[in-house]
Amino acid sequence: EQDNERTAQLRTGVPFSMARNLVAFDFLSLTAAPAIASLIAAAAAHAFVPGPFDAVSFPEAHAGLYAPLMLVGMVMLWNKGLYTQRVPWWNQIRHIAKSFLFVCMMDAVLNVSIGTRAPLALILLTWLCALALTVSLRWMLARLAGKICLWRIPTVGLGNKAMAADLLYAFH
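Put into structure tokens, the structure is as follows:
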């Protein structure tokens, strides 16, 4: 009986190699988000104000604030079970969006209260880029893991012919 519970727990959990890759990809997306947001902001500024292309970036003081907030975001994802449990895709996106929205608000409040003088639009753009990168890298990782049979669970469907056909079409 104890072996059956352990087997069921292993089947619903995320394999270690997949969890390790999820953590690495999320860290990569959160690390790259400020640079991508700065490039987008600079391109938008150049489009509206012709002149030399200057990089838009965060002040140095904000870099010391972003790293702990990035870790807070990853801990929030860990607490939602996104690294340890199999969570449906839309629930993952919802949890990631809520977590990043909360951390973005923390970032904006701390930016104003500490006085790092980072543009609020750039803070918002950074967390939007982090959301887009995190979701897209997770999607790519899930597709890759599905192709190499690392993310599949064997399933048995019971029912009549019509239900079996509907189930077959639903899974493909």
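Each number in the working numbering corresponds to the 1-based position in the sequence shown with 399 added.
Glycine residues also receive a C-beta, built at the ideal position from the N, C-alpha and C atoms.
Meets three-Cβ-pair contact criterion under 8 Å: the segment 507 to 524 and the segment 480 to 491: no
Given 8 Å, three or more beta-carbon pairs between the segment 555 to 562 and the segment 460 to 470: no
Other residues of its chain near Cys528: CB distance less than 6 Å, five sequence neighbours each side excluded: Ala432, Ile435 and Ala436
Whole-Å CB distance - Phe424 paired with Leu543, under 8 Å assumed: No, Phe424 and Leu543 are not in contact; Cβ-Cβ is about 11 Å, not under 8 Å.
Tyr568 burial status per 10 Å Cβ neighbour count (16 or more: buried): exposed
Buried or exposed (CB count within 10 angstroms, at least 16 for buried), Arg419: exposed
Beta-carbon gap between His445 and Ala517 smaller than 8 Å: No, Cβ-Cβ distance for His445 and Ala517 is not below 8 Å.
Ser498 to Leu519 span [Cα, whole Å]: Just so you know, the alpha carbons of Ser498 and Leu519 end up roughly 18 Å apart.
Nonlocal neighbours in the same chain, by C-beta distance under 8 Å from Trp526, ignoring five residues either side: Ala432, Phe499, Leu500, Val502, Cys503 and Asp506
Test item: CB-CB of Thr533 and Ser428 under 8 Å: yes
Minimum length 3: unbroken beta strand (DSSP E) runs contained in the segment 440 to 496: Taken in chain order, the segment 440 to 496 contains no complete beta strand (DSSP E) segment of 3 residues or longer.
Reduced DSSP secondary structure (H/G/I, E/B, other) of Gly545: Three-state DSSP puts Gly545 in a helix.
Residues of its chain near Val611, where Cβ-Cβ distance is below 7 Å and the 5 sequence neighbours each way are ignored: With the chain represented from 400 up to 571, any question about residue 611 goes unanswered, as that position is not in the structure.
Beta-carbon separation (whole angstroms), Leu521 vs Ala443, contact threshold 8 Å: With 8 Å as the limit, Leu521 and Ala443 do not qualify as a contact, their Cβ atoms being about 10 Å apart.
Residues of its chain near Ala496, where Cβ-Cβ distance is below 7 Å and the 5 sequence neighbours each way are ignored: Leu530
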